[in-house]
Amino acid sequence: MEQKILQVVIDAPLDTVFDYRWLQTIAGMPVPQGGQIVIVPFGRREVAALIVAVVGHSALDPAQIKDVIAVRSDLAPLTADWFGLCRFAAAYYQRPLGEVALPALPKNLRAGNAVSLTRALKKVAASAPIASVESAAQIAPPGLNAEQELAVGTIAAAQGFSPILLHGITGSGKTEVYLNAAQRILSASDEPGQVLMMIPEINLTPQLEQSVRNRFPGLPVVTLHSGLAEGARLASWLDAHLGRARIVLGTRLAVLASMPQLRLIIVDEEHDPSYKQQEGLRYSARDLAVWRAHQKGIPIVLGSATPSAESWQHAASGRYVRLSLRQRATPEAVLPKVRLIDMERDKPADGITSTLITAIRRRLEKREQSLLFLNRRGYAPVLSCDACGWVSNCSRCTAFMVLHRPEHRLRCHHCSLELRIPKSCPTCGNVDLQPLGRGTQRIEETLQTVFPEARLLRIDADSTRRKGSAQEAFDSVHRGEVDILVGTQMVAKGHDFRNLTLVGVLNPDTALFSHDYRASERLFAQLMQVAGRAGRTATREGGNASEVLIQTRYPQHPLYAAVMAHDYQRFADGLLEERRQAGLPPFVYQALLRAEAPALQTALDFLQIAVELVDDEAIVVNDPIPMTMTRVANVERAQLLIECPSRPALQNFLGDWLASLRAVKTRARWSLEVDPVDI
Ligand code: ADP
Ligand code: ZN
Ligand code: ZN
């Protein structure tokens, strides 16, 4: 009877491989291979593991080696390429391989449930064979314009690893470029290829999924995102893994999908913060996608109207090829006029200036739609007492509890503590409590008073809690059942509202003076994106030209000048110059060590030890400081930022530093983030 030692990785915080024994219990039973999934005993549990190597002997005492429980031999092994990607991610983000590789697999594959896997595999095998790409593409696409043609040609002709930054204004037809490039690349070879198309949030962009399916009706297109039920996720994942799915449309988690025939990667809205995972393995899906394309030697298209500073800098330095789409694709659709409303002169009543009220009224008269954008949900960010100065602080966080009037609640957006709205001041008994500031609910209320006849709709995380309700809300806007739409960033993404001719931005100024150096970059992107919702189609006879009105107290700010000129290039070049002078990313590389504990001093003490453990000239160490929001859910938090002009030098250092940090005795919980975004 043949016996082998399987070296496996497990989803556990231990950077090591584990040895298990495999016995050939039936003659002719195939020997397991690297890349297969096995079920093994681990402590008292049975867990899924991935085979990284199959060897003859173990260095361990044979009595200590346990037997494998089952081998998932009906599933084609994961490829060396896929392992390479996981290995890179693990090394780069300083995590054990098992903590990267196993969570990248669908739960049903990991959960010892062999029946569901067998059933899913049968289903995939039974599906009909697929027509070729040409015969599958049935719907006549629009003819490409010259800029699109050039972009598609460049992508399709790319040899080997080719990172391409597709900078196209909103409505310039980037999707058309993606679809044509995908089609050209899929039909260029006789072997079946696969395309990975990444988008920030699938639920907010159902139109894109529809366009992809319409364009390739006979071609298997699958989606991969966290909103899928486990069964559906497994089916999609298997389709991708077995090479059957030719296009995988997915959110950030799709970057780790197994796609053995990958030929092209597209990252739409590459600047979007959703590509950054903010817990557990804090990876950038965009950055991993670039590495994956490099590993595979294939083109990758990073598309955006407002590329990230990182990608813009890579284009400037020649590492990425830059392609531009400067015009809107449909000739009738002109860019909206952007105007500023000086709030010092036109003082807003209840958050809305008279100029904006007049503009909305004109839209109502012409039966056109307006969108008011305010990135703050709830009724008011604070409830306060004028008599004694009480404010609605969260008892567990360094934050205010937000007034949610329709729900009759005070809510903390950080720890989800909820209270009934107090009838009187908890300190002095004053019954006249005042809401301070404005959220979307309060704006909705104001609009109801000013325009009682208008049909209003608010779209934010509160109004769309129920599954499917966001889609219903967007549908009703498309059907013309809404006159005025009030929303947070949720409404800024992807949607193409045909009858929308006015966008009002209520209160963007706070981002101009944020302590977060990325705030202005994000503000610019949001303003361009929300502006892009207007003027998508031709102005109808007698209709209003599309316009964007921005309420501000700082009409002279250069950021607004660039927004008015629709000039991302000017903004980005200025931004990069500032970053270069200030020594900020992308001109330095950063890592952030966070520590948290019930007492702040515990966290700070740990970080101080961490400072003393740095003995590398290349590393710049900042002081440990409490986080801006120091306390969340009764836990005190502090951070230590370290910087280095060289990425490899930082990587080198981090490995050793972490090893010594692990040996530190502390009661603080800590974690390390490489390339942090929120600091
Ligand atoms: P983006 O993603 O760059 O904001 P879209 O891809 O959504 O822009 O395109 C905007 C609109 O223009 C869509 O309705 C699309 O069908 C249309 N479109 C794209 N390319 C062309 C073209 N070459 N001719 C006519 N219409 C086009
Ligand atoms: Zn009071
Ligand atoms: Zn709280």
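Read in order, the letters of the sequence shown are residues 34 to 712 in our numbering. Using N, Cα and C, we set each Cβ at its ideal position, and we do this for glycine too. Only a predicted model underlies this, so the values are computations on that prediction, with no experimental measurement involved.
In this structure, the CA atom of P369 is about 15 angstroms from the CA atom of Y601.
The set of residues with CB atoms less than 5 angstroms from any heavy atom of ligand 2 reads, in chain order, C418, A420, C421, W423, C458, T460, C461, N463. For L404, no alpha helix (DSSP H) segment is defined; the enclosing uninterrupted segment is the beta strand (DSSP E) at 402–406. Residue ranges of uninterrupted beta strand (DSSP E) with 3 or more members, entirely inside the segment 371–416 and ordered along the chain, are 402–406.
Within 8 angstroms of the C-beta of R453 there is not a single heavy atom belonging to ligand 3. A624 is the residue among A630, A624, A632 whose C-alpha sits nearest the C-alpha of V644. Taking D549 as the centre and dropping the five residues before and after it, the same chain places the C-beta of D711, I712 closer than 8 angstroms to its C-beta, in chain order. In terms of CA proximity to V647, L683 leads the group L683, A671, A221, G411.
In the structure shown, the three-state DSSP call for L297 is strand. For K698, the number of other beta carbons within 10 angstroms of its own is below 16, and it is reported as exposed.
For L673, the secondary structure class from DSSP, reduced to helix, strand or coil, is strand. In the DSSP assignment, S509 falls within the alpha helix (DSSP H) that extends over 502–511.
Only exposed fits P46, as fewer than 16 other CB atoms lie within 10 angstroms of its CB. Counting along the chain, W423 sits inside no alpha helix (DSSP H), nor does DSSP assign it H or E at all.
Rounded to the nearest whole angstrom, the CA to CA distance from I188 to A326 is 13 angstroms. Y601 carries a helical assignment under DSSP once its states are collapsed to helix, strand and coil.
Pairwise C-beta distances place the segment 335–342 in contact with the segment 541–558, as three or more of them are shorter than 8 angstroms. Under the DSSP assignment, I218 falls in the alpha helix (DSSP H) whose first and last residues are 207–221. For F194, the three-state secondary structure derived from DSSP is coil. Within the segment 421–504, the complete alpha helix (DSSP H) segments at least 4 residues long are 473–483, listed from N- to C-terminus. In this structure, R429 has its beta carbon less than 8 angstroms from a heavy atom of ligand 3. In the DSSP assignment, Q522 falls outside any alpha helix (DSSP H) and carries neither an H nor an E.
The closest heavy atom of ligand 1 lies less than 8 angstroms from the beta carbon of Q181. Here the alpha carbon of L617 sits roughly 27 angstroms from the alpha carbon of E669. Exclusion of the five residues before and after V515 leaves Q402, R488, L489, L490, S509 as the residues of its chain whose Cβ lies within less than 8 angstroms of its Cβ.
Burial check for P233: the Cβ neighbour count within 10 Å reaches 16 or more, so the residue is buried. The three-state secondary structure of K99, taken from DSSP, is strand.
The Cβ-Cβ distance between Q360 and N178 falls below 9 angstroms. Annotation for R695: the continuous alpha helix (DSSP H) segment containing it runs 680–695. Counting along the chain, the unbroken alpha helix (DSSP H) around R246 starts and ends at 239–248. Inclusion of P253 and I280 in the CB contact set at 9 angstroms is warranted, their separation being smaller than that value. I517 carries a strand assignment under DSSP once its states are collapsed to helix, strand and coil. Contact between the segment 290–307 and the segment 259–278 is present, with at least three C-beta pairs closer than 8 angstroms.
V367: not part of any beta strand (DSSP E); DSSP gives it neither H nor E. Apart from the 5 residues on each side of it in sequence, L358 sits with its Cβ closer than 8 angstroms to the Cβ of E180, Q181, A184, L199, H200, G201, I202, S205, G206, K207, V210 in its chain, given in chain order. The C-beta of V519 has 16 or more other C-beta atoms within 10 Å across all chains shown, which makes the residue buried.
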